[in-house]
């Protein structure tokens, strides 16, 4: 763990990052393996390092697209809180980034360019740690992206409360009740085409309602999934 912490600290300095790039390209697979370590502290530290590398991952320099979902999946599983929330931060970046090399979870069949209210940056997520609630249209997109990330997991037993708890501190879109309201009302009108993409299936609607209830519980301080 100490080596990962030292490496993470050094990479925060721009003058060191370029010098370590070749090393990181070779070592990144091992860091991904460490993200699944039985030691919760090692796993959480490794995931935080991967999260730091994600915004620098243009042209798949460090992480390949096929490797990212396995890290996101940790946020949906009954791991130690620190591990899940580290994975939740990684998942938040995957949900909110607008980088061509980062696959969109909301693309159920093909990658579709969706409407945006406020252009997303190409250098990282939308001010997640400022905890500012984004515009409604953007929040809608983030909520749907998170929903389809859970759907992609392909496990009917995924607990929406665990997923919401994992990303709650880093995804302020979950506090945009107007976005939830619009999406909920939209799904009650099957003849109305969604501007965000395809209509939700019945199972997806169930997950969406679970996310809404879990978000409300988090906001009121009544949720403790562990």
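Residue numbers (my numbering): 541 to 766. Note that beta-carbon positions come from the ideal geometry of N, C-alpha and C, so glycine has one too.
Just the Cα atoms here: how many angstroms apart are residue i and residue j?
i: residue 595; j: residue 569; result: 17 Å
i: residue 588; j: residue 611; result: 11 Å
i: residue 629; j: residue 707; result: 6 Å
i: residue 545; j: residue 585; result: 7 Å
i: residue 581; j: residue 702; result: 19 Å
i: residue 604; j: residue 627; result: 17 Å
i: residue 748; j: residue 682; result: 12 Å
i: residue 637; j: residue 609; result: 14 Å
Report yes if the C-beta distance between residue i and residue j is below 8 Å; otherwise report no.
i: residue 590; j: residue 575; result: yes
i: residue 631; j: residue 583; result: no
i: residue 676; j: residue 719; result: yes
i: residue 601; j: residue 614; result: no
i: residue 711; j: residue 752; result: no
i: residue 693; j: residue 567; result: no
i: residue 680; j: residue 724; result: no
With H, G and I counted as helix, E and B as strand and the rest as coil, what does DSSP make of residue i?
i: residue 718; result: helix
i: residue 604; result: coil
i: residue 622; result: helix
i: residue 597; result: coil
Quick check on the DSSP output: the alpha helix (DSSP H) that includes residue i runs from which residue to which?
i: residue 684; result: 676-693
i: residue 561; result: 554-574
i: residue 578; result: Element bounds for residue 578: n/a, residue is neither H nor E.
i: residue 704; result: 700-707
i: residue 756; result: 742-760
i: residue 547; result: 542-551
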